[in-house]
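*Asks:*
Following this line, the structure appears as structure tokens:
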């Protein structure tokens with residue numbers, strides 16, 4: 001071995017025979033990758049084993065693994081529509097085993113001839129009504145259309161199946177659980193819909209879905225494999241507590257001994273006051289809850305899958321600064337809110353929800369569901385004082401992405417070395433506190449250039465790198481990191497004059 005040069009394979013001593021020897025090593029070019037993991041229900045028609053994260057490359061894969069029309073299949077569809085290049089994995093969780101939700105569509109009187117349309121989860125199912133039809137044949141046509149529904153443009157399917165008895169269509173949810181009560185069934189009274197005429201079709205839900213699955217096994221199955229965005233529609237207290245354990249800083253995925261990171265994304269459908277109460281009951285920076293408007297057309301599992309995937313496209317990017325950007329106004333493809341705008345949140349309500357740890361949404365006049373602001377459930381520090389450091393979701397992914405980059409640079413420049421206070425012989429096999437500090441400064445400066453962190457000069461002045469007092473093989477570092485913030489608020493004092501004063 002020569003001064004300043006280190007070899008991985010060529011011996012440093014003992015070679016006598018002549019030759020020109022080259023060993024080939026990687027210089028350590030870093031390119032981050034992130035993974036979405038969708039947790040939901042599959043059907044018996046799918047081949048996916050429970051609690052087994054599985055990569056999915058196409059809608060055909062999702063059908064085969066999770067079953068056509070299943071919750072998990074639809075979650076993949078929405079995620080892929082909003083993040084077509086993002087690696088997506090799916091993980092089936094057992095449903096609670098309770099009786100599935102049921103609805104009935106009763107054709108009470110014969111409609112006029114024409115086209116009838118029933119809408120389920122925003123998907124329109126048309127049927128033709130002729131002069132020779134009876135209430136029973138109309139019901140049969142409706143049931144057949146529901147079972148055969150497949151949107152060739154969006155690949156959407158329905159979360160329920162139909163059976164028919166005389167003039168009554170019975171709809172059965174594909175899965176058990178209270179979450180299936182999110183299914184929206186709508187019969188428009190528009191004149192063009194013959195089923196919407198008074199007294200023609202009655203929609204009822206005689207059986208409500210009950211029960212909630214438990215995610216503990218699914219979260220445990222993640223291990224320390226990549227799971228940067230874990231999206232699930234289950235936001236009950238038991239599953240939020242399970243996610244808190246899975247991602248915690250002591251022994252979970254964010255702990256010093258595991259460093260596998262990730263975040264739990266979920267959704268809650270409630271009125272403003274209930275959402276506020278929910279947010280104020282929590283304080284966890286590794287979870288976030290998207291508030292969903294009651295009466296929304298698209299079910300909650302599609303809301304959380306679509307929004308998580310959309311935001312992942314920027315939050316994954318620690319190369320061009322996208323991780324730090326404000327995401328307000330981005331449209332979540334394939335997701336719809338409520339038909340009525342009367343319950344949408346005004347600025348005051350959104351501000352209250354955000355300060356309570358609930359992520360907010362806006363809906364434009366065209367019905368597009370848009371990101372307002374996404375926050376974690378973290379509100380106060382260890383002594384109960386307000387703490388906004390990890391409120392923004394950007395902070396979580398800046399921390400994870402930035403640390404992973406610094407670790408990669410340390411592995412390349414300081415890995416497999418010995419440790420000494422100084423290196424007078426300039427041996428490449430030795431690292432010193434000064435060398436390690438140089439790598440930290442280099443990596444931090446790179447991250448400043450990449451729009452993740454800022455103020456490299458202040459970081460360098462306050463960076464402490466020193467040998468541990470009791471363990472000579474250990475180096476201790478204090479790294480004071482300042483992140484780049486999203487531009488959320490622009491405050492302007494627009495002062496008008498009839499005429500500018502002289503000398504203005």
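Numbering (UniProt numbering), first residue to last: 1 to 504. From the three backbone atoms N, C-alpha and C, an ideal C-beta is built for every residue, glycine too. Computed from a prediction, not measured in an experiment: that's the story for all the values here.
Please report how far the alpha carbon of residue 116 lies from the alpha carbon of residue 195, in whole angstroms.
*Replies:* Looking up residue 116 in the chain shown gives position 116. Looking up residue 195 in the chain shown gives position 195. Roughly 5 Å separates the two Cα atoms.
*Asks:* Apart from the five residues just before and just after residue 462, which ones in its own chain have a Cβ nearer than 7 Å to its Cβ?
*Replies:* Taking the chain shown and counting its residues from 1, one reaches residue 462 at position 462. Closer than 7 Å at the Cβ level, and outside the excluded window around residue 462, lie 480.
*Asks:* Applying the 10 Å Cβ sphere with the 16-neighbour rule, what's the burial state of residue 65?
*Replies:* Translated into the one-based positions of the chain shown, residue 65 becomes position 65. Residue 65 should be labelled buried.
*Asks:* If you scan the segment 66–152 from start to end, which runs of the alpha helix (DSSP H) of 4 or more residues do you find wholly inside it?
*Replies:* As far as the segment 66–152 is concerned, its whole alpha helix (DSSP H) runs of at least 4 residues are 71–82, 135–148.
*Asks:* Along the alpha helix (DSSP H) that carries residue 41, what are the first and last residues, could you check?
*Replies:* Position 41 of the chain shown, counting from 1, holds the residue named residue 41. Counting along the chain, residue 41 falls outside any alpha helix (DSSP H), and DSSP gives it neither H nor E.
*Asks:* Are the segment 223–231 and the segment 295–313 touching by the rule of at least three beta carbon pairs closer than 8 Å?
*Replies:* Touching, yes.
*Asks:* Leaving out the 5 sequence neighbours to the left and right, which residues in its chain are closer than 6 Å to residue 45 when beta-carbon positions are compared?
*Replies:* Counting from 1 along the chain shown, the entry for residue 45 is found at position 45. Closer than 6 Å at Cβ, skipping near neighbours: 67.
*Asks:* Do residue 203 and residue 105 have their C-beta atoms closer together than 8 Å?
*Replies:* Looking up residue 203 in the chain shown gives position 203. Looking up residue 105 in the chain shown gives position 105. It is a contact, given that the beta carbons lie within the stated cut-off.
*Asks:* In whole angstroms, what separates the C-alpha of residue 261 from that of residue 17?
*Replies:* Sequence index remark: in the chain shown, residue 261 carries index 261 (1-based). Sequence index remark: in the chain shown, residue 17 carries index 17 (1-based). Computed Cα separation, rounded: 50 Å.
*Asks:* Less than 8 Å between the C-beta atoms of residue 208 and residue 187, yes or no?
*Replies:* Numbered from its first residue, the chain shown carries residue 208 at position 208. Numbered from its first residue, the chain shown carries residue 187 at position 187. Cβ distance not < 8 Å, so residue 208 and residue 187 don't count as in contact.
*Asks:* Counting C-beta neighbours from all protein chains within 10 Å, is the total for residue 384 16 or more, i.e. buried, or is it exposed?
*Replies:* Here residue 384 refers to the residue found at position 384 of the chain shown. The residue in question, residue 384, is exposed, as its Cβ has fewer than 16 Cβ neighbours within 10 Å.
*Asks:* Within the same chain, show all residues whose beta-carbon is closer than 8 Å to that of residue 173, passing over the 5 residues directly before and after it, in chain order.
*Replies:* The residue labelled residue 173 in the question sits at position 173 within the chain shown. Contacts found: 100, 101, 102, 159, 160, 180, 183, 209.
*Asks:* Please list the segments of the alpha helix (DSSP H) lying wholly inside the segment 327–393, counting only runs of 4 or more residues, in order along the chain.
*Replies:* Fully enclosed alpha helix (DSSP H) runs of 4 or longer: 347–355.
*Asks:* Which stretch, first to last residue, makes up the beta strand (DSSP E) that contains residue 287?
*Replies:* For this step, residue 287 is matched to residue 287 along the chain shown. Element bounds for residue 287: 287–292.
*Asks:* Taking 8 Å as the threshold, find out whether the segment 138–155 comes into contact with the segment 35–52 through three or more Cβ pairs.
*Replies:* The answer is no - the segment 35–52 does not touch the segment 138–155, with fewer than three Cβ pairs under 8 Å.
*Asks:* Kindly indicate the opening and closing residues of the beta strand (DSSP E) around residue 204.
*Replies:* Residue numbering aside, residue 204 sits at position 204 when the chain shown is read from its first letter. That run of the beta strand (DSSP E) goes 201–207.
*Asks:* Compare the Cα-Cα distances from residue 352 to each of 366, 381, 280, 330 and report the closest residue.
*Replies:* The count along the chain shown starts at 1 and reaches residue 352 at position 352. Closest option to residue 352, Cα to Cα, is 280.
*Asks:* Under the three-state reduction of DSSP, which class applies to residue 59: helix, strand or coil?
*Replies:* The residue labelled residue 59 in the question sits at position 59 within the chain shown. Residue 59 falls in the helix class under three-state DSSP.
*Asks:* Of the choices 323, 259, 78, whose alpha-carbon is the least far from that of residue 336?
*Replies:* Position 336 of the chain shown, counted from the start, is the residue given in the question as residue 336. Looking at the Cα atoms, 78 is the closest of the given residues.
*Asks:* In the segment 161–224, which residue ranges form an unbroken alpha helix (DSSP H) of at least 4 residues, counting only runs that do not cross its ends?
*Replies:* As far as the segment 161–224 is concerned, its whole alpha helix (DSSP H) runs of at least 4 residues are 216–221.
*Asks:* Using three-state DSSP, classify residue 321 as helix, strand or coil.
*Replies:* Position 321 of the chain shown, counting from 1, holds the residue named residue 321. Looking at residue 321 - three-state DSSP - the assignment turns out to be coil, as it is neither helix nor strand.
*Asks:* With C-beta atoms as the reference, is residue 212 less than 8 Å away from residue 236?
*Replies:* In the chain shown, counting from the first residue as 1, residue 212 sits at position 212. In the chain shown, counting from the first residue as 1, residue 236 sits at position 236. Cβ atoms of residue 212 and residue 236: closer than 8 Å.
*Asks:* Examine the Cβ distances between the segment 110–129 and the segment 53–63 and report whether three or more of them are shorter than 8 Å.
*Replies:* Output reads no: the segment 53–63 does not touch the segment 110–129.
*Asks:* What first and last residue would you give for the alpha helix (DSSP H) that runs through residue 312?
*Replies:* Taking the chain shown and counting its residues from 1, one reaches residue 312 at position 312. It spans 300–315 - the alpha helix (DSSP H) in which residue 312 sits, taken as one unbroken run.
*Asks:* Going by DSSP, what residues sit across from residue 296 in a beta bridge?
*Replies:* Indexing the chain shown from 1 puts residue 296 at position 296. Per DSSP, 338.
*Asks:* Would DSSP call residue 484 helix, strand or coil?
*Replies:* Counting from 1 along the chain shown, the entry for residue 484 is found at position 484. Coil, per DSSP.
*Asks:* For residue 242 versus residue 215, is the C-beta spacing smaller than 8 Å?
*Replies:* Locating residue 242 in the chain shown gives position 242, where the first residue counts as 1. Locating residue 215 in the chain shown gives position 215, where the first residue counts as 1. For residue 242 and residue 215, yes; Cβs fall inside 8 Å.
*Asks:* Between residue 387 and residue 357, what straight-line distance do the alpha-carbon atoms span, to the nearest angstrom?
*Replies:* As a first step, residue 387 is located in the chain shown; it is residue number 387 there, counting from the start. As a first step, residue 357 is located in the chain shown; it is residue number 357 there, counting from the start. Rounded to the nearest angstrom, the two C-alpha atoms are 12 Å apart.
*Asks:* Run through DSSP, which three-state label would residue 277 get?
*Replies:* Locating residue 277 in the chain shown gives position 277, counting from the first residue. Of the three classes helix, strand and coil, the one that applies to residue 277 here is helix, per DSSP.
*Asks:* I'd like to check one pair, residue 338 with residue 390: are the Cβ atoms closer than 8 Å?
*Replies:* Here residue 390 is taken as the residue at index 390 of the chain shown, counted from 1. Here residue 338 is taken as the residue at index 338 of the chain shown, counted from 1. Result no, Cβ atoms of residue 390 and residue 338 do not sit closer than 8 Å.
*Asks:* Which whole runs of the alpha helix (DSSP H) in the segment 390–451 are 4 residues long or more, in chain order?
*Replies:* Listed in chain order, the complete alpha helix (DSSP H) runs (minimum 4 residues) inside the segment 390–451 are 393–414, 433–449.
*Asks:* From residue 80 to residue 87, what distance separates their C-alpha atoms?
*Replies:* Working through the chain shown from its first residue, we reach residue 80 at position 80. Working through the chain shown from its first residue, we reach residue 87 at position 87. Rounded to whole angstroms, residue 80 to residue 87 spans 9 Å at the Cα level.
*Asks:* Within the continuous alpha helix (DSSP H) that includes residue 467, where are the two ends?
*Replies:* Against the chain shown, residue 467 aligns to sequence position 467. Note, residue 467: premise wrong, no alpha helix (DSSP H); beta strand (DSSP E) at 464–467.
*Asks:* Check for me: the beta strand (DSSP E) holding residue 244 runs from which residue to which?
*Replies:* By one-based count along the chain shown, residue 244 stands at place 244. From DSSP, residue 244 is part of no beta strand (DSSP E) but of the alpha helix (DSSP H) over 237–247.
*Asks:* Does the beta-carbon of residue 123 have 16 or more other beta-carbons within 10 angstroms, so that it is buried, or is it exposed?
*Replies:* Reading the chain shown from its first residue, position 123 is the one you call residue 123. Flag for residue 123 reads buried.
*Asks:* Any beta carbon of chain C sitting closer than 8 Å to that of residue 380?
*Replies:* Absence of chain C from the displayed structure is noted, only one protein chain being present.
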